[in-house]
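Numbering (the UniProt record's numbering), first residue to last: 1 to 611. We treat Cβ as the ideally placed atom computed from N, Cα and C, and that holds for glycine. Note that the structure is a prediction, hence the values are computed from the model and not measured.
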């Protein structure tokens with residue numbers, strides 16, 4: 001609303017002017033006092049009505065934005081992290097996406113213990129082995145499965161200035177492992193601020209084992225592709241889209257060896273062959289050191305000696321997200337089924353795992369089978385809008401009932417106190433109890449989700465499995481905290497813990513942020529090409545944290561070897577002071593998401609200013 005033209009005084013002055021022109025009056029003082037009173041009252045009503053109209057416009061715009069914004073952009077985001085796992089009594093094990101890990105978190109000074117659950121985002125193969133030793137700049141470090149480095153031997157004087165960008169990774173594996181396919185290494189630089197640029201340079205590192213070059217690729221090992229028609233619609237699957245976004249955050253930190261590796265005890269040694277001449281013979285013959293498989297990694301020039309000293313490496317790293325499996329049995333009728341997917345307090349619905357009826361018929365969400373006729377049973381998920389009353393409506397209704405009962409009770413109490421004394425006391429007790437219950441009714445954390453099933457014949461019960469998440473409450477779980485595997489027969493429960501702090505959990509966007517999301521998707525279709533697209537995306541991702549966004553052109557040194565200076569897109573963000581601690585991680589995620597949605601020649605630099 002324009003305050004200068006739509007204020008109460010402006011409306012009254014315009015009405016005075018029209019009245020004076022109509023009656024030919026030259027001054028306001030000459031108007032009839034009754035006319036002035038009527039015009040003042042009418043201007044107040046018009047001013048209030050303009051506010052109501054503007055509020056209605058905002059509400060209509062919010063409803064349009066809610067209906068037209070894709071669900072993927074307004075859905076919840078689970079917290080995510082990287083954990084370490086180790087097989088128990090077997091050389092190899094594949095962790096599927098339905099294998100859960102659980103952590104008991106004490107709340108309220110340890111009086112209440114809550115169980116947090118995490119599930120992998122992709123199938124991951126783990127091996128009975130770990131990185132036990134690293135050699136960087138000639139210094140020898142012992143490493144444990146938590147990626148903790150302990151210096152045990154300084155570099156000899158003869159190695160000064162040599163192998164400054166080379167590291168040897170000593171891997172200890174079970175004797176039963178004779179072949180490695182798609183072995184993945186997870187890298188981390190916990191003390192560096194601008195570490196994403198270094199992670200992207202891991203793709204240019206050269207790998208070898210016992211002098212034999214190895215082909216390595218950045219990212220996760222490829223998954224098996226399927227030709228099923230349903231896979232064509234995976235872009236419509238909210239959970240898969242969220243999983244792709246999370247995996248893109250950690251993609252540059254993983255390197256997998258594509259060359260098949262045949263192992264034998266002859267290939268294991270106490271030290272790499274090219275370094276034995278630099279160390280004392282008594283150290284080489286020490287019984288404290290075990291034979292290891294030494295992977296040599298030649299890093300690009302961006303990795304300085306200090307950077308290699310801080311570098312941490314691990315295998316058996318699994319990317320997980322926070323969600324909890326719920327199961328529900330619902331009775332349905334012959335026509336249709338609308339089943340509410342209930343959640344507990346401070347939980348949000350995330351996705352449907354499976355739907356099955358009593359005849360073991362599996363329901364699918366996308367009704368496509370490549371033929372001309374629809375076959376099989378289907379379902380759809382609707383996010384709110386099916387209920388006639390929500391918690392707010394119930395609370396208001398109960399307040400009206402309570403007022404009515406209190407009013408009638410006062411009338412009854414005034415008639416014959418002796419006759420109804422016991423009943424009146426009981427009524428007062430019940431009314432007070434009812435008022436306490438109403439005050440404790442909390443509004444739902446989000447719109448209740450519903451499952452709408454298209455039922456075949458003879459379907460009277462549905463067995464539904466679905467996931468919920470607690471979003472922000474799962475953020476901030478510390479590195480090294482242990483988890484319990486779902487099945488301790490295949491996973492060693494003593495060696496399951498977080499390698500990174502959990503982060504990224506977000507609840508349903510507020511109404512103010514939904515308009516920014518709708519504006520972004522309407523103008524960009526989730527592809528970034530212009531400065532306006534970048535600005536809208538920053539407001540969408542960092543709503544409530546960013547005060548202003550400015551885009552400028554700049555020049556930067558390329559992260560790729562041999563490119564020199566290149567043009568850059570500099571994104572300047574003004575952020576709130578109270579969000580300073582969480583900004584570094586959010587900026588890394590923002591840059592990753594910008595790169596995945598932009599052309600290849602867009603090179604981003606992000607600068608922040610605390611206001």
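- The beta carbon of residue 296 sits closer than 6 Å to those of 168, 208, all from its chain and outside the five residues before and after it, given in chain order.
- Ranked by how close their Cα comes to the Cα of residue 190, the residues 605, 585, 594 have 585 in first place.
- The distance from the Cβ of residue 198 to that of residue 192 is about 7 Å, consistent with a contact at the 8 Å cut-off.
- Counting the other Cβ atoms within 10 Å of the Cβ of residue 170 gives 16 or more, which makes it buried.
- If you draw a straight line from the Cα of residue 554 to the Cα of residue 605, it is about 9 Å long.
- DSSP places residue 312 inside the beta strand (DSSP E), whose first and last residues are 312 to 314.
- In this structure, residue 31 sits away from residue 41, with a CB-CB distance that is not shorter than 8 Å.
- The DSSP assignment places 92 to 95, 101 to 107, 112 to 120, 124 to 127, 129 to 136, 139 to 143, 149 to 153 as complete runs of the beta strand (DSSP E) inside the stretch 85 to 161, in order along the chain (cut-off: 3 residues).
- Taken through DSSP and simplified to helix, strand or coil, residue 196 comes out as helix.
- Annotated three-state conformation of residue 322 is strand, per DSSP.
- Secondary structure at residue 425: helix, using DSSP grouped into helix, strand and coil.
- Between residue 147 and the set 312, 351, 502, 477, the nearest pair of CA atoms involves 312.
- Inclusion of residue 301 and residue 160 in the CB contact set at 8 Å is not warranted, their separation being larger than that value.
- Distance between residue 342 and residue 66, taken at the CA atoms: about 21 Å.
- For residue 44, the uninterrupted alpha helix (DSSP H) run begins and ends at 33 to 68, by DSSP.
- Listed as beta-bridge partners of residue 485 by DSSP are 101.
- Rounded to the nearest angstrom, the gap between the Cα atoms of residue 158 and residue 279 is 9 Å.
- When rounded, the separation of the alpha-carbon atoms in residue 213 and residue 261 is 11 Å.
- Taking a cut-off of 8 Å on C-beta distances, the stretch 457 to 470 does not touch the stretch 45 to 65, as fewer than three cross pairs fall below it.
- By DSSP's assignment, residue 188 forms a beta bridge with 312.
- Here residue 522 carries a helix assignment [DSSP, helix/strand/coil].
- DSSP, read as helix, strand or coil, puts residue 177 in coil.
- The straight-line gap separating the alpha-carbon atoms of residue 38 and residue 55 is approximately 26 Å.
- Residue range 8 to 23 is occupied by the alpha helix (DSSP H) that includes residue 18.
- Here the alpha carbon of residue 93 sits roughly 13 Å from the alpha carbon of residue 84.
- Annotated three-state conformation of residue 273 is helix, per DSSP.
- When C-beta atoms of the stretch 468 to 477 are compared with those of the stretch 72 to 79, three or more pairs fall below 8 Å, so the two segments count as touching.
- Taking the C-beta atoms as reference points, residue 253 is found no nearer than 8 Å to residue 303.
- In the three-state scheme derived from DSSP, where H, G and I count as helix and E and B as strand, residue 470 is classed as coil.
- Between residue 590 and residue 542 the beta-carbon gap is near 7 Å, inside 8 Å, which marks them as a contact.
- Rounded to the nearest whole angstrom, the CA to CA distance from residue 533 to residue 527 is 8 Å.
- Taking 8 Å as the upper bound for CB-CB distance, residue 69 and residue 518 are in contact here, some 5 Å apart.
- If the five residues before and after residue 310 are omitted, its C-beta is found closer than 8 Å to the C-beta atoms of 189, 190, 191, 192, all from its own chain and listed in chain order.
- When only Cα atoms are considered, residue 356 and residue 201 end up about 47 Å apart.
- Nearest to residue 523 by C-alpha distance, out of 508, 540, 507, 365, is 540.
- The three-state secondary structure of residue 203, taken from DSSP, is helix.
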